[in-house]
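Residue numbers (UniProt numbering): 1 to 302.
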């Protein structure tokens, strides 16, 4: 039976794993983990661990690329039987023992997220195959898969306007009712107002309303000469673009009065995640420039 997160947090302002409301779990990432693929990555967010491999672009079947203006992304998600707390037997279809409907929905969500994000028009009549293996699921699974796919696509050399980074954000209590003022929130000396929580774990997903958000950082065009005023305008535009969300995925209901707060915290979480993923890619680039392989490269958020 899960612990009462809302009561515990209200008294201590600390979550079940000791984090504060705006702290991410330990995020570790590697790229080029599978030399046999075009691009690959390993990413863990807390106890959620995901492997991702990318094959292609390759010539696609006519039935798959018919009517498409560019490359088509195919996503397959495999949930290991030992990924959850309760081990599941392997099904007759060989789907790895996970819930087939859940993995299908996750694969469709990943495809819908990356199909408009990549520059697919550069690869007409082509197919990009993305395989995601969930080794451990402890909350924020969709966000972890999005981040792992982003690293694998970059490792495969698939052009994108920027890194698509994701995180989850929830509310620390009953968020189905409108937000209350600070004066009316004081009951028995305890602040009953709800706080947003960043990077939701599995026990928190059971009890709290949450959403997955993702955004990207557009890259400036370096080929166009600009003066100082244009550079200032570009910095302002880039800052505003970073405040925009590319993906909002909700599995539970939350009152509209909390959305603005949750979006703001989610954008900040995406910014923190992007800094970590950028560190992974920059360190890999340095290794390549030094004539070394990027395989097995590890970066820890400590």
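Beta carbons are placed, not taken as given, at the ideal position from N, Cα and C, and that holds for glycine. Being a predicted model, the structure only gives us computed values, none of them experimental.
Output needed for residue i: all residues of its chain with C-beta closer than 8 Å, excluding positions within five of it in sequence on either side, in chain order.
{"i": "residue 72", "result": "60, 64, 65, 115, 120, 126, 127, 128"}
Go ahead and pull the three-state DSSP assignment for residue i.
{"i": "residue 288", "result": "helix"}
{"i": "residue 108", "result": "helix"}
{"i": "residue 277", "result": "helix"}
{"i": "residue 160", "result": "coil"}
{"i": "residue 115", "result": "coil"}
{"i": "residue 250", "result": "strand"}
{"i": "residue 22", "result": "coil"}
{"i": "residue 137", "result": "coil"}
{"i": "residue 33", "result": "coil"}
{"i": "residue 211", "result": "strand"}
{"i": "residue 39", "result": "strand"}
{"i": "residue 267", "result": "helix"}
{"i": "residue 244", "result": "coil"}
{"i": "residue 189", "result": "Interpretation of residue 189 is limited by its pLDDT of 40, a score under 50 that renders its predicted location unreliable; no figure is taken from the coordinates."}
Could you pull out every residue in the same chain whose Cβ sits closer than 7 Å to the Cβ of residue i, ignoring the five residues on either side in sequence?
{"i": "residue 144", "result": "43, 45, 48, 50"}
Measuring alpha carbon to alpha carbon, tell me which residue in the options is nearest residue i.
{"i": "residue 122", "options": "29, 69, 38, 37", "result": "69"}
{"i": "residue 245", "options": "38, 78, 164", "result": "164"}
{"i": "residue 149", "options": "15, 287, 110, 169", "result": "110"}
{"i": "residue 167", "options": "153, 281, 196, 154", "result": "196"}
{"i": "residue 28", "options": "133, 287, 256, 279", "result": "279"}
{"i": "residue 106", "options": "208, 118, 124, 137", "result": "137"}
{"i": "residue 387", "options": "155, 130, 118", "result": "Here the chain covers residues 1 to 302 and nothing more, so residue 387 does not appear."}
{"i": "residue 284", "options": "41, 14, 36", "result": "41"}
{"i": "residue 255", "options": "15, 158, 208, 37", "result": "208"}
For residue i, collect the residues of the same chain with a Cβ closer than 6 Å to its Cβ; drop the 5 residues on either side in sequence, then sort them by chain order.
{"i": "residue 205", "result": "139"}
{"i": "residue 237", "result": "Unreliable positioning characterises residue 237 in this predicted model, as indicated by a pLDDT of 49, which lies under 50. The coordinate reading is nonetheless provided below. If we look at residue 237 and ignore the five residues flanking it on each side, it has no Cβ neighbours."}
{"i": "residue 214", "result": "146, 164, 166, 246, 247"}
Shorter than 7 Å, the distance from the beta carbon of residue i to the closest heavy atom of the ligand ZN, or not?
{"i": "residue 273", "result": "This structure lacks the ligand ZN, and indeed carries no ligand of any kind."}
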